[in-house]
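Peer 1: Those protein sequences? They're chains A and B, same order as listed.
Its first residue numbered 44, the first sequence is counted upward by one per residue in my numbering.
Its first residue numbered 391, the second sequence is counted upward by one per residue in my numbering.
Glycine is no exception: its CB is placed at the ideal position from the N, C-alpha and C atoms.
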Amino acid sequence: MSRILATAVCEFRIALRNRWVSIATGMMVLFALVLAAAGSAPTGDVGVDRLSVTVASLTSLAVYLVPLLALLMSFDAVAGEVERGTLPLLLTYPVSRLQILLGKLLAHLAILGLAAALGYGAAALVAVGSDPGALKGLASLWRLIWSSVLLGATFLGAGYALSSMAKRPSGAAGLAIALWLVAVVLYDLALLALIVTDGGGAFTTQALPVALLANPADAFRVFNLSAAEAVAAAGGIGGAAGAIPLWQSAASLLLWPLAAIALAVAAFRKVTP
Amino acid sequence: MTPTLTISRLTKAFPGSAGRQRIQAVEALKQVSLTLEAGKRAALLGHNGAGKSTMMKIVLGLIPFDSGEVSVCGAHPGSPAARTRVAYLPENVAFHPALTGEEQLRHYLSLRGEDPRQAMELLARVGLTPAARRRIGTYSKGMRQRVGLAQTLIGRPRLLVLDEPTSGLDPVSRRDFYDLLDGLAAEGTAILLSSHVLTEVEARTDRILILSGGELVAEGTLADLRARAALPVSLLVRPAPGYAARLAAAFPEGSQDGDGLLRLACRQAEKLPLLARITMLGSAVADLDVIPPSLEDIYSHFSRRDGQ
Ligand SMILES: Nc1ncnc2c1ncn2[C@@H]1O[C@H](COP(=O)(O)OP(=O)(O)OP(=O)(O)O)[C@@H](O)[C@H]1O
Ligand SMILES: [Mg+2]
């Protein structure tokens, strides 16, 4: 445990010096504030408090931004050490590869958590400022923060795995961007296209829930929307969220990080310095 | 007492592939056997690509090997038990440029379960106190090398594996470094180091191992190797003015340059009789130098660059 912590402290310090902490936090705060400003127009009487509305739109933002930040922070984790030539020495220390990855994960999760808390917090302040009754939505804000951390963990693990397989930072960066495009953008587009052609048939009722749970980003969206009972307002793919029990999206959200980290450790074990 | 490091019939080949294209495999190590006892310092010599770094990486468990046996402090190389007892200095050691020397050492101390507060003391031992709080990215090559040396001193390792430890060090630092090694060896640490600088290896190690093309071609103290190589001794005889021709006539086997300086070569055993013959010439000889085979001569005698 102390070795994991030592690695985490060291990685956090490096991220701080590389401006990663300020970049991640800055991006989150900026996008969240833009969203909050855009959403502050009167919404009419939809019967939900302003913070819950903000959380719903923050969820759509986080689906894109959290995986992107996680991949940007993680693609260099192993490939960068290989390229700098720091890996051989590190691997002669009495520290296991699992411990090394967990240390890096802890540091990167701390940064993501910080960025999410500050970014969402800023948007929440705006919401509460214009509608004191919005404090009711605090629970959904908290849920959004911790589920963002879990979503981040999944993509951090995936990033470490890609970083181990690529052996070169430039290759790892390419793979990371490709993964982001496929998992976060193209996957949903494909699902939408299928829904449209299916026209409410067997695909929409049977396969869609499984497809949504199988993708960590969609599971994250479904979890937050259905937990906030904001499904109706969300529409689109989010509209399907109502059909999925909360425990299923929660389970997907919890299992994905474990799978991603297991994959990362397996890939890292294959790296010979 | 069991040796700290035992290697027997170690063989390692790198698969020969360049991208898709299959090329001939590189036999980096062939049937190498050696032992290293506690408190002994062994120097690994050999041409570029002889297999020195490969052997060290195998000892550390960084890369797998094909056949043979390696035992490090009684454990399998790279096992947790071995890793707690072995310290390594890679060739071209590198650190994260954003960390300071002190932070980097604190991290390494924590990874070995030692008190991170020893960092400054370790840096002082390698003369890095003034730069300890600067980022490693701003260090010179020799300063990075010293950070690398400092981390090998953490927690009394039983075996030190140092790949070209003095590369980049200035002459005074080299001497200080070997003094440091003497102290460690006296406390029972076994040291395996590689070097291309023969003179420092001669004076400061107990044993020399010469690798050539992946084979261990010679092993022993320098005196052993000198005797075994049995290289010829050179004698340079300067004739007194006007005696050059007479000298050449007396030693037809020698070669004479334009100034009349006569160069003779003989085996160790023939050296004294030859000297006697020269002194018999009396005042015809102005000066005489006996030149024993140099370290380079002995080294290149063993290190044939097969296939290079
Ligand atoms: N990862 C690798 N893949 C393929 N061949 C390798 C690899 N590493 C080393 N070799 C080959 O193994 C042989 C031994 O290399 P090694 O690095 O051990 O030499 P060395 O004795 O340390 O040389 P130097 O004095 O230049 O450091 C060389 O022919 C080298 O090309
Ligand atoms: Mg080498």
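Name the chain B residues that come within less than 7 angstroms of V239(A), Cβ to Cβ?
Peer 2: Locating residue 239(A) in the first sequence gives position 196, where the first residue counts as 1. Ordered by position in chain B, no residue passes the 7 angstroms Cβ test against V239(A), which lies about 43 angstroms from the chain.
Peer 1: With a cut-off of 8 angstroms, do at least 3 Cβ pairs link the stretch 225-236 of chain A to the stretch 131-150 of chain A?
Peer 2: Segments in contact, no.
Peer 1: Cα-Cα, which of R399(B), Q494(B), P683(B) is closest to A522(B)?
Peer 2: Working through the second sequence from its first residue, we reach residue 522(B) at position 132. Comparing Cα positions, the closest option is Q494(B).
Peer 1: Would G648(B) be called buried (16 or more neighbouring beta carbons within 10 Å of its own) or exposed?
Peer 2: As a working note, residue 648(B) is residue 258 in the second sequence. It is exposed - the Cβ of G648(B) has fewer than 16 other Cβ atoms within 10 Å.
Peer 1: Considering only their Cβ atoms, is the gap separating V627(B) from I668(B) smaller than 7 angstroms?
Peer 2: If you number the second sequence from 1, residue 668(B) lands on position 278. If you number the second sequence from 1, residue 627(B) lands on position 237. Yes, the pair counts as a contact, with Cβ atoms nearer than the cut-off.
Peer 1: For V125(A) and chain B, any beta-carbon pair shorter than 7 angstroms?
Peer 2: The residue given as residue 125(A) occupies position 82 in the first sequence. With 7 angstroms as the cut-off, V125(A) does not count as an interface residue toward chain B.
Peer 1: Name, please, each residue of chain A whose Cβ falls closer than 9 angstroms to the Cβ of L489(B).
Peer 2: Residue mapping note: residue 489(B) aligns to position 99 of the second sequence, counting from 1. Simply C53, R56, I57, R60.
Peer 1: On a CA-only basis, which of D261(A), V138(A), G162(A) is nearest W223(A)? Give me that one, please.
Peer 2: Translated into the one-based positions of the first sequence, residue 223(A) becomes position 180. Of the listed residues, the one whose Cα sits closest to W223(A) is D261(A).
Peer 1: Say the cut is 6 angstroms; is the CB of V460(B) nearer than that to a heavy atom of ligand 1?
Peer 2: As a working mapping, residue 460(B) is identified with position 70 in the second sequence. Not so, every heavy atom of ligand 1 lies at least 6 angstroms from the Cβ.
Peer 1: Comparing the C-beta of Y529(B) with each C-beta of chain A, is any distance below 7 angstroms?
Peer 2: Numbered from 1 along the second sequence, position 139 holds the residue referred to as residue 529(B). Cβ-Cβ to chain A under 7 angstroms: no for Y529(B).
Peer 1: Please confirm whether any heavy atom of ligand 1 lies closer than 6 angstroms to the CB of G538(B).
Peer 2: One-based indexing of the second sequence puts residue 538(B) at position 148. Result no, Cβ not under 6 angstroms from ligand 1.
Peer 1: At a threshold of 6 angstroms, does N482(B) count as lining ligand 1 (C-beta to nearest heavy atom)?
Peer 2: Reading the second sequence from its first residue, position 92 is the one you call residue 482(B). Flag unset: Cβ of N482(B) not near ligand 1.
Peer 1: Under the DSSP definition of a beta bridge, which residues are partnered with C656(B)?
Peer 2: Counting from 1 along the second sequence, the entry for residue 656(B) is found at position 266. According to DSSP, which records beta bridges pairwise, C656(B) is partnered with V623(B).
Peer 1: According to DSSP, what are the bridge partners of T401(B)?
Peer 2: Within the second sequence, numbered from 1, the residue matching residue 401(B) stands at position 11. Answer by DSSP bridge pairing, in chain order: S457(B).
Peer 1: Along the chain, where does the beta strand (DSSP E) containing L550(B) start, and where does it finish?
Peer 2: Within the second sequence, residue 550(B) is the residue found at index 160, counting from 1. From DSSP, the beta strand (DSSP E) with L550(B) extends over 549-553.
Peer 1: If the cut is a Cβ gap below 8 angstroms, which residues of chain A does L452(B) touch?
Peer 2: Numbered from 1 along the second sequence, position 62 holds the residue referred to as residue 452(B). Near L452(B) (Cβ distances below 8 angstroms), the residues of chain A are P131, L134, T135, T315, P316.
Peer 1: Starting from the N-terminal end, write out each residue whose C-beta falls within a distance shorter than 5 angstroms of any non-hydrogen atom of ligand 1.
Peer 2: After applying the 5 angstroms Cβ criterion, the set is F404(B), V416(B), A418(B), N438(B), G439(B), A440(B), G441(B), K442(B), S443(B), T444(B).
Peer 1: Taking Cβ positions, are K442(B) and L450(B) nearer each other than 7 angstroms?
Peer 2: Taking the first residue of the second sequence as position 1, residue 442(B) is located at position 52. Taking the first residue of the second sequence as position 1, residue 450(B) is located at position 60. Contact: no.
Peer 1: Who are T396(B)'s beta bridge partners in DSSP?
Peer 2: As a position in the second sequence, residue 396(B) is number 6, starting the count at 1. In the DSSP output, where bridge partners are listed per residue, T396(B) has T425(B), S461(B).
Peer 1: Mind checking A635(B): buried by the 16 CB within 10 Å criterion, or exposed?
Peer 2: Looking up residue 635(B) in the second sequence gives position 245. Per the 10 Å Cβ criterion, exposed.
Peer 1: Taking buried to mean at least 16 other C-beta atoms within 10 Å of its own C-beta, is R496(B) buried or exposed?
Peer 2: Residue numbering aside, residue 496(B) sits at position 106 when the second sequence is read from its first letter. Buried is the call here.
Peer 1: What first and last residue would you give for the alpha helix (DSSP H) that runs through S563(B)?
Peer 2: Sequence index remark: in the second sequence, residue 563(B) carries index 173 (1-based). From DSSP, the alpha helix (DSSP H) with S563(B) extends over 561-576.
Peer 1: Take every Cβ of the stretch 129-139 of chain A, pair it with every Cβ of the stretch 462-477 of chain B, and state whether three or more of those distances are shorter than 8 angstroms.
Peer 2: The stretch 129-139 of chain A is in contact with the stretch 462-477 of chain B.
Peer 1: With a threshold of 8 angstroms on Cβ separation, who are the neighbours of L48(A) within its own chain once the five nearest residues in sequence on each side are excluded?
Peer 2: For the purposes of this step, residue 48(A) is taken as residue 5 along the first sequence, with counting starting at 1. Counting only Cβ-Cβ distances below 8 angstroms, and skipping sequence neighbours, we find G146, L149.
Peer 1: For the candidate residues G458(B), L426(B), S645(B), whose alpha-carbon lies nearest to that of L400(B)?
Peer 2: Position 10 of the second sequence holds residue 400(B). Measuring from the Cα of L400(B), the nearest candidate turns out to be G458(B).
Peer 1: Return no unless some Cβ of chain B is closer than 7 angstroms to the Cβ of G128(A).
Peer 2: Within the first sequence, the letter at position 85 stands for residue 128(A). Chain B, which has a Cβ nearer than 7 angstroms to the Cβ of G128(A), makes this yes.
Peer 1: Identify the continuous alpha helix (DSSP H) that holds G532(B) and give its terminal residues.
Peer 2: As a working note, residue 532(B) is residue 142 in the second sequence. It spans 531-542 - the alpha helix (DSSP H) in which G532(B) sits, taken as one unbroken run.
Peer 1: Can you name the residues of chain A whose CB is closer than 9 angstroms to the CB of S500(B)?
Peer 2: Numbered from 1 along the second sequence, position 110 holds the residue referred to as residue 500(B). Under the 9 angstroms cutoff, chain A gives S45, R46, L48, A49, T50, V52, C53.
Peer 1: Helix, strand or coil: which one does DSSP assign to I413(B)?
Peer 2: Residue numbering aside, residue 413(B) sits at position 23 when the second sequence is read from its first letter. Coil.
Peer 1: Given a threshold of 16 other Cβ atoms within 10 Å of its Cβ, counted over all protein chains shown, does N438(B) qualify as buried or as exposed?
Peer 2: For the purposes of this step, residue 438(B) is taken as the residue at position 48 of the second sequence. Classification of N438(B): exposed, given that the 10 Å Cβ count is below 16.
Peer 1: Mind checking the stretch 135-160 of chain A against chain B and listing, in chain order, the residues whose C-beta falls within less than 7 angstroms of any C-beta there?
Peer 2: If the cut-off is 7 angstroms between Cβ atoms, the stretch 135-160 of chain A has T135, Y136, P137, V138 near chain B.
Peer 1: Can you find a C-beta in chain A that's less than 7 angstroms from the C-beta of T669(B)?
Peer 2: Position 279 of the second sequence, counted from the start, is the residue given in the question as residue 669(B). No - not a single Cβ of chain A is within 7 angstroms of the one on T669(B).
Peer 1: Beta-carbon separation of A215(A) and F311(A) under 7 angstroms?
Peer 2: For the purposes of this step, residue 215(A) is taken as residue 172 along the first sequence, with counting starting at 1. For the purposes of this step, residue 311(A) is taken as residue 268 along the first sequence, with counting starting at 1. Their beta carbons are not under 7 angstroms apart, which means A215(A) does not touch F311(A) by this criterion.
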